[in-house]
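Numbering (our numbering), first residue to last: 64 to 437.
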């Protein structure tokens with residue numbers, strides 16, 4: 064049994080101001096006719112034969128939004144695992160593994176898929192899933208690896224080791240380095256020995272539970288206590304118990320430490336859609352490299368993204384810039400600083416929290432579905 068675990072709890076802070084706490088990135092449409100990122104993810108998974116009904120992990124405050132967007136794609140055949148508060152992907156996946164163990168046994172496999180990634184080649188992805196399942200059966204924590212395109216600092220890097228089965232692109236992972244500094248990322252890229260971690264994983268429930276027993280037993284204990292006895296279509300983790308788990312990602316908690324890491328190197332047209340620079344890369348552009356959407360006039364601009372959800376936005380002589388305007392706020396940044404939008408959101412959350420919670424035109428769940436790409 065392979066159970067898709069869809070992580071829908073991220074806030075998408077690097078795509079602020081379009082992505083907010085109450086309408087985060089997975090619930091925004093790509094503009095390609097495929098609906099939102101979450102809906103595209105669900106359709107991709109339902110097309111793969113042999114997968115079980117998915118478990119979607121999200122913040123309890125997003126339950127209605129998730130249900131509405133999943134209704135068509137899954138026809139009610141899913142389970143919601145609701146977090147009382149976001150604690151990072153490590154506690155989320157431990158709770159999911161414990162639920163899978165309860166429902167299907169310790170040897171059931173978890174296919175961990177973020178809800179906000181874009182994949183161009185669904186057939187190639189389905190093949191990679193089958194190859195990763197073999198690694199999971201053999202006791203590996205398997206990650207889906209992609210060849211790096213640049214020295215990005217927002218991804219984990221995998222040092223590829225000895226082949227397990229070179230014909231199937233299965234390799235051991237020597238080291239896992241999460242979000243390195245720029246200089247180190249450039250070294251990784253130039254060495255040719257590293258791949259990006261896509262954030263998609265496959266492992267048996269027992270393998271992950273055992274890893275947490277070894278490296279973070281306090282997270283495992285907190286999640287065992289938080290998981291309720293019953294298991295219906297909606298499972299809500301206990302607030303007090305879940306709060307005992309530290310906030311940490313699966314990458315830092317386990318992947319950087321585990322010795323049984325393996326990678327499937329695959330090319331399925333993966334994109335994290337993680338920041339405005341990645342949106343610019345994927346968007347339709349004019350012959351000057353300008354991606355413009357909404358009420359925008361771009362004069363003598365090049366290699367820039369200009370988007371307005373309300374006021375007239377005029378760009379004059381801009382180069383390599385991001386300008387995004389909503390009814391309430393305006394973001395202006397060099398494309399090279401796209402990753403740092405998260406820092407701005409953190410600062411705003413401390414002093415002007417209303418600017419990061421929602422947007423005046425998008426406060427209700429049924430208003431989701433705006434297109435990201437021009």
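We put the CB at the ideal spot given by N, CA and C, even for glycine. As the structure is a computational prediction, the values presented were derived from the model and not from experiment.
{"Asked": "DSSP-derived helix/strand/coil call for residue 370", "Found": "strand"}
{"Asked": "Inter-residue spacing [alpha-carbon to alpha-carbon] between residue 353 and residue 86", "Found": "26 Å"}
{"Asked": "Beta carbon of residue 129 nearer than 8 Å to that of residue 71", "Found": "yes"}
{"Asked": "Own chain residues within Cβ distance below 7 Å of residue 101, not counting five before or after", "Found": "71, 89, 90, 132 and 178"}
{"Asked": "DSSP beta-bridge partners of residue 222", "Found": "238 and 257"}
{"Asked": "Residue 278, enclosing beta strand (DSSP E) - first and last residue", "Found": "Unbroken run through residue 278 is the alpha helix (DSSP H), 268-278; no beta strand (DSSP E)."}
{"Asked": "Proximity of residue 309 and residue 301 at Cβ, strictly below 8 Å", "Found": "no"}
{"Asked": "Nearest neighbour of residue 81, chosen from 397, 336 and 344 [CA to CA]", "Found": "336"}
{"Asked": "Segment contact flag, the stretch 311-323 with the stretch 142-155, C-beta cutoff 8 Å, min 3 pairs", "Found": "yes"}
{"Asked": "Euclidean distance between Cα positions of residue 321 and residue 274", "Found": "7 Å"}
{"Asked": "Other residues of its chain near residue 370: CB distance less than 6 Å, five sequence neighbours each side excluded", "Found": "356, 357 and 387"}
{"Asked": "Given residue 139 as reference, the closest of 105, 162 and 164 once Cα atoms are compared", "Found": "105"}
{"Asked": "Nearest candidate by alpha-carbon position, reference residue 303, set 287, 415, 297 and 389", "Found": "287"}
{"Asked": "Rounded straight-line distance, which links the Cα of residue 367 to that of residue 396", "Found": "10 Å"}
{"Asked": "Euclidean distance between Cα positions of residue 169 and residue 346", "Found": "43 Å"}
{"Asked": "Boundaries of the beta strand (DSSP E) in which residue 67 is found, first to last residue", "Found": "65-70"}
{"Asked": "Segment contact flag, the stretch 134-148 with the stretch 112-119, C-beta cutoff 8 Å, min 3 pairs", "Found": "yes"}
{"Asked": "Backbone secondary structure at residue 426 - three-state DSSP", "Found": "Its pLDDT being 37, under 50, residue 426 is placed unreliably in this model, and the coordinates cannot settle the point."}
{"Asked": "Same chain, Cβ closer than 6 Å to residue 181, neighbours up to 5 away in sequence not counted", "Found": "334 and 336"}
{"Asked": "Whether residue 176 touches residue 108 by CB criterion (8 Å)", "Found": "yes"}
{"Asked": "Residues near residue 420 by beta carbon distance below 8 Å, same chain, minus five either side", "Found": "83, 84 and 85"}
{"Asked": "Closest residue to residue 289 among 375, 307, 75 and 187 (Cα-Cα distance)", "Found": "307"}
{"Asked": "Beta carbon of residue 406 nearer than 8 Å to that of residue 384", "Found": "no"}
{"Asked": "Pairwise C-alpha distance: residue 210 and residue 224", "Found": "14 Å"}
{"Asked": "Separation of residue 394 from residue 343, as counted between CA atoms", "Found": "15 Å"}
{"Asked": "Backbone secondary structure at residue 286 - three-state DSSP", "Found": "helix"}
{"Asked": "CB of residue 216 within 8 Å of CB of residue 190, strictly", "Found": "no"}
{"Asked": "For residue 208 and residue 249, believed in contact at Cβ under 8 Å, the rounded distance", "Found": "Their Cβ separation, rounded to whole angstroms, is 19 Å, which puts residue 249 and residue 208 out of contact at 8 Å."}
{"Asked": "Sequence-distant residues of its chain with Cβ nearer than 8 Å to residue 382 (five each side left out)", "Found": "364, 365, 366 and 367"}
{"Asked": "DSSP-derived helix/strand/coil call for residue 141", "Found": "coil"}
{"Asked": "Whole alpha helix (DSSP H) elements within the stretch 332-406, 4-residue minimum", "Found": "339-345"}
{"Asked": "For residue 311, the three-state DSSP class (helix, strand or coil)", "Found": "coil"}
{"Asked": "Backbone secondary structure at residue 227 - three-state DSSP", "Found": "strand"}
{"Asked": "Minimum C-alpha distance to residue 361 - residue among 341, 259, 378 and 265", "Found": "378"}
{"Asked": "Range covered by the beta strand (DSSP E) that runs through residue 174", "Found": "172-177"}
{"Asked": "Assigned secondary structure, residue 410 (DSSP; H/G/I helix, E/B strand, else coil)", "Found": "helix"}
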